[in-house]
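Here the structure is laid out as structure tokens; the discussion comes afterwards.
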Amino acid sequence: MAPVINAERRERDLPIPERKPGEDEGPSKRDVRKPQGDNELLRRMRKVDPDQAKKYRQRSGE
Amino acid sequence: MRLFGSDIEYGLQIEGRDVADQLEDSAEVIRSLQANSVGCWDYALESPRCDLRGFSVDRLTTDPADSVWDVGRVHPPESELRSDRVLENGARLYNDHGHPEYATPECRRIADALAHELAGERIVLQAAKDFQERTGRAVKIYKNNTDYHGASYGSHENYLVPRSVQFADLLSHLVPFLISRSILFGAGKVGSESRPDVRFQLSQRADFFTELASVDTLYRRPIFNTRDEPHAEQERWIRLHVICGDANRMPWSIAMKFGTMSLVLRLLEMGDRVEWALRDPVTAFRDASRILDGSRIETTSGWTNSAEVLDDYRCACESRFRGTDAETDWVLDEWNAALEDFRTDWTRLADRVDWAAKRLMLEQFCGPVETWDAPLAQSLDLEYHNLEPQDSLFDALVAEGQTRTVIPESRILDAMSMPPQDTRAQLRAEVVRTYGEQVQAIGWRRAIISAGPDDSRVVEFPVNWETGTLSDLLE
Chain L
137 MAPVINAERR
147 ERDLPIPERK
157 PGEDEGPSKR
167 DVRKPQGDNE
177 LLRRMRKVDP
187 DQAKKYRQRS
197 GE
Chain U
186 MRLFGSDIEY
196 GLQIEGRDVA
206 DQLEDSAEVI
216 RSLQANSVGC
226 WDYALESPRC
236 DLRGFSVDRL
246 TTDPADSVWD
256 VGRVHPPESE
266 LRSDRVLENG
276 ARLYNDHGHP
286 EYATPECRRI
296 ADALAHELAG
306 ERIVLQAAKD
316 FQERTGRAVK
326 IYKNNTDYHG
336 ASYGSHENYL
346 VPRSVQFADL
356 LSHLVPFLIS
366 RSILFGAGKV
376 GSESRPDVRF
386 QLSQRADFFT
396 ELASVDTLYR
406 RPIFNTRDEP
416 HAEQERWIRL
426 HVICGDANRM
436 PWSIAMKFGT
446 MSLVLRLLEM
456 GDRVEWALRD
466 PVTAFRDASR
476 ILDGSRIETT
486 SGWTNSAEVL
496 DDYRCACESR
506 FRGTDAETDW
516 VLDEWNAALE
526 DFRTDWTRLA
536 DRVDWAAKRL
546 MLEQFCGPVE
556 TWDAPLAQSL
566 DLEYHNLEPQ
576 DSLFDALVAE
586 GQTRTVIPES
596 RILDAMSMPP
606 QDTRAQLRAE
616 VVRTYGEQVQ
626 AIGWRRAIIS
636 AGPDDSRVVE
646 FPVNWETGTL
656 SDLLE
């Protein structure tokens, strides 16, 4: 599967309220399992039960 | 800066349980969360039946198709079902008609509102894991708005607006914006739950809106919800309760949804109105969701498209607000770039707009949209919204670096336990931390704290509160 990202993607972050020095240390994004060899998205899509949406029923909300 | 935030209802699926069990199951999930919190939500100041147009209704309508699940069942009392919890970050977590619902604490900054909405995802997922640990039943949580069988549940935005703004102006100014913004903030949906049929559309929610304006939210849903429940001084404020938006996974969409709406409201508060006379707003909402090239919004003077309508609002905001502050400039820059990308090639939005990411993902896996196998495509659609990061298709895109990260992860983790530092949510959070079991009632506006057998103290949470501690207020 071709990557969905486009080369000219903009990466300017949202301005965030100031913090004290060091408070924003840590991971920049969530620790999700990284792709291992095969395309991770493709691997997950192949695992999806084709009838999952048929079985999914919910109460009306709000 | 105004107060704003969101309240999100999550889809819930539990192994071995049925939709008819959902009211009780959702309550159990909420109660399972291992977290410091206070119950006893203060309902005394709530007014969901009051209408902004100056009247109250006797009762809110309910969905007859949904009521069939209650036939022959006796549910616990409403107070028990609700399972209200106020968390130490100032948020409210509760069971809303079978859906775990997370209402963020009040925020003034877009980055805070985004961090707290994303923190809510993590907290609801943790509640599901704690439930699973306790019961042994596997749980899935979905941040979406539909079950593909005609049931819908909400993802609402809330904005505090001065009551001096006239209802008629709010309605005419906002409705074209709400309808057209699906091209940037739609979560995308395979199929439809209203006529005409379509294989893919931009919005998860557009199928479910049949009225222009109403106080109802469960049935005959309106594009503009007129509920008059400000959670603030009634004579000074209204809380704009936006119910027609989609539940977004993309951080950029969440941030921009808050950012653009705040600017569009500021226009009106300054006396500027954007005028688009739609022939039939309900039909226009569905059309705008279904037609990818955006060429199908009918006005009283002819046809236009969503990008043109949205750009009209953008230009008005650009001329009024450019240079106000860094956050405003970020919103204006991103708004302009996104509309440009939409007009040029919608796939350029796939790193930050849910419907575009989802559609591209499905086209790459299933082929052109007209060849999709509907049950499989809908199941893939659903799994995009799964909150479990190791299974979710959205989180696979994150793992592969194909989505934009708008704020640092540390901000989201902080928001799971800390309130925004410049709103009254600080006071609520401090009450939870400090008074715990002494709290007799707590809500958006106040807490009632027991100081002895026949002695209780009311602590008000002022709208204009920005800095300080609870002790400053109690002095």
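In the order they appear, the protein sequences are chains L and U. Mapping of the first sequence onto the working numbering: residues 137 to 198, in sequence order. Mapping of the second sequence onto the working numbering: residues 186 to 660, in sequence order. All residues carry an ideal CB built from backbone N, CA and C; glycine is no exception.
When we look at the beta-carbon of residue i and count the other beta-carbons within 10 Å, is it buried (16 or more) or exposed?
{"i": "U/Glu460", "result": "exposed"}
{"i": "U/Arg294", "result": "buried"}
{"i": "U/Pro407", "result": "buried"}
{"i": "U/Pro361", "result": "buried"}
{"i": "U/Leu659", "result": "exposed"}
{"i": "U/Trp540", "result": "buried"}
{"i": "U/Gly430", "result": "buried"}
{"i": "U/Phe240", "result": "exposed"}
{"i": "U/Pro262", "result": "exposed"}
{"i": "U/Val253", "result": "exposed"}
{"i": "L/Glu144", "result": "Residue placement at L/Glu144 cannot be trusted, given a pLDDT of 47 that sits under 50; what the coordinates show is reported in the next sentence. By the 10 Å Cβ count, L/Glu144 comes out exposed."}
{"i": "U/Gln219", "result": "exposed"}
Does the beta carbon of residue i come closer than 8 angstroms to any beta carbon on chain L?
{"i": "U/Asp508", "result": "According to the sequence shown, residue 508 of chain U is Gly rather than Asp. No - not a single Cβ of chain L is within 8 angstroms of the one on U/Gly508."}
{"i": "U/Asp566", "result": "yes"}
{"i": "U/Gln311", "result": "no"}
{"i": "U/Ser191", "result": "no"}
{"i": "U/Tyr338", "result": "yes"}
{"i": "U/Thr402", "result": "yes"}
{"i": "U/Glu194", "result": "yes"}
{"i": "U/Tyr279", "result": "no"}
{"i": "U/Gly201", "result": "no"}
{"i": "U/Gln198", "result": "yes"}
{"i": "U/Trp333", "result": "Reading the sequence as shown, one finds Tyr at residue 333 of chain U and not Trp. At least one chain L Cβ lies under 8 angstroms of U/Tyr333."}
{"i": "U/Val494", "result": "no"}
{"i": "U/Asp297", "result": "yes"}
{"i": "U/Ile308", "result": "no"}
{"i": "U/Ala584", "result": "yes"}
{"i": "U/Gln317", "result": "no"}
{"i": "U/Asp207", "result": "Just to set this straight, residue 207 of chain U is Gln in the shown sequence, not Asp. It does: the Cβ of U/Gln207 has a partner Cβ on chain L nearer than 8 angstroms."}
{"i": "U/Leu453", "result": "no"}
{"i": "U/Trp540", "result": "no"}
{"i": "U/Trp254", "result": "yes"}
{"i": "U/Phe550", "result": "yes"}
Measure from the C-beta of residue i to each C-beta in chain U and report whether the shortest distance is under 8 angstroms.
{"i": "L/Pro151", "result": "yes"}
{"i": "L/Val140", "result": "Confidence in L/Val140 is poor, its pLDDT being 45 and thus under 50, which makes the residue's placement unreliable; the coordinate value appears in the next sentence. L/Val140 counts as touching chain U."}
Can you name, in chain order, every residue of its own chain whose Cβ lies under 7 angstroms from the Cβ of residue i, other than the five neighbours on each side?
{"i": "U/Ser377", "result": "Val383, Gln386, Asp392"}
{"i": "U/Phe316", "result": "Glu213, Val214, Ser217, Val324"}
{"i": "U/Gln207", "result": "Leu197, Gly283"}
{"i": "U/Ser602", "result": "Glu273, Asn274"}
{"i": "U/Lys543", "result": "Gly373, Asp566, Tyr569"}
Among the residues of its own chain, which have a CB less than 6 angstroms from the CB of residue i, if the five just before and after it don't count?
{"i": "U/Val223", "result": "Val271, Val617, Val624, Ile627"}
{"i": "U/Tyr498", "result": "Phe362, Val449, Val459"}
{"i": "U/Thr489", "result": "Ile482"}
{"i": "U/Glu302", "result": "Ser191, Thr289, Ile439"}
Is the CB-CB distance between residue i and residue j below 8 angstroms?
{"i": "U/Arg613", "j": "U/Gly305", "result": "no"}
{"i": "U/Leu495", "j": "U/Arg366", "result": "yes"}
{"i": "U/Thr608", "j": "U/Trp650", "result": "yes"}
{"i": "U/Glu200", "j": "U/Ala610", "result": "no"}
{"i": "U/Glu414", "j": "U/Glu231", "result": "yes"}
{"i": "L/Gln200", "j": "U/Val204", "result": "The question about residue 200 of chain L has no answer here: the residues shown for chain L are numbered 137 through 198."}
{"i": "L/Pro153", "j": "U/Ala296", "result": "yes"}
{"i": "U/Ala436", "j": "U/Ile592", "result": "Here residue 436 of chain U is Pro; the residue named in the question, Ala, does not match the sequence. Contact: yes."}
{"i": "U/Phe527", "j": "U/Glu342", "result": "no"}
{"i": "U/Asp192", "j": "U/Glu286", "result": "yes"}
{"i": "U/Leu565", "j": "U/Leu578", "result": "yes"}
{"i": "U/Tyr344", "j": "U/Leu425", "result": "yes"}
Please list the partners that residue i has in chain L, where partner means a Cβ-to-Cβ separation under 7 angstroms.
{"i": "U/Gln563", "result": "Ala189"}
{"i": "U/Arg294", "result": "Pro153"}
{"i": "U/Ala581", "result": "Glu176, Leu177, Arg180"}
Name the chain L residues that come within less than 8 angstroms of residue i, Cβ to Cβ?
{"i": "U/His282", "result": "Arg195, Ser196, Gly197, Glu198"}
{"i": "U/Ala440", "result": "Leu150"}
{"i": "U/Glu483", "result": "Within 8 angstroms Cβ-Cβ: nothing; U/Glu483 doesn't reach chain L, min ~28 angstroms."}
{"i": "U/Trp515", "result": "Arg148, Leu150, Pro151"}
{"i": "U/Glu512", "result": "Leu150, Pro151"}
{"i": "U/Asp251", "result": "Arg195, Ser196"}
{"i": "U/Ile428", "result": "Glu198"}
If you drop the 5 nearest sequence neighbours on each side, which residues of the same chain put their C-beta closer than 8 angstroms to that of residue i?
{"i": "U/Leu463", "result": "Val360, Pro361, Ile364, Ala469, Ile482, Glu483, Thr484, Thr485"}
{"i": "U/Arg405", "result": "Thr246, Thr395, Glu396, Ser399"}
Which chain L residues sit within Cβ distance under 9 angstroms of residue i?
{"i": "U/Leu732", "result": "Outside the shown range of chain U, which is 186 to 660, sits residue 732 of chain U, and nothing can be said about it."}
{"i": "U/Val242", "result": "Under the 9 angstroms cutoff, chain L gives no residues; its nearest Cβ is about 16 angstroms from U/Val242."}
{"i": "U/Leu655", "result": "Within 9 angstroms Cβ-Cβ: nothing; U/Leu655 doesn't reach chain L, min ~21 angstroms."}
{"i": "U/Pro560", "result": "Pro186, Asp187, Gln188, Ala189, Lys190"}
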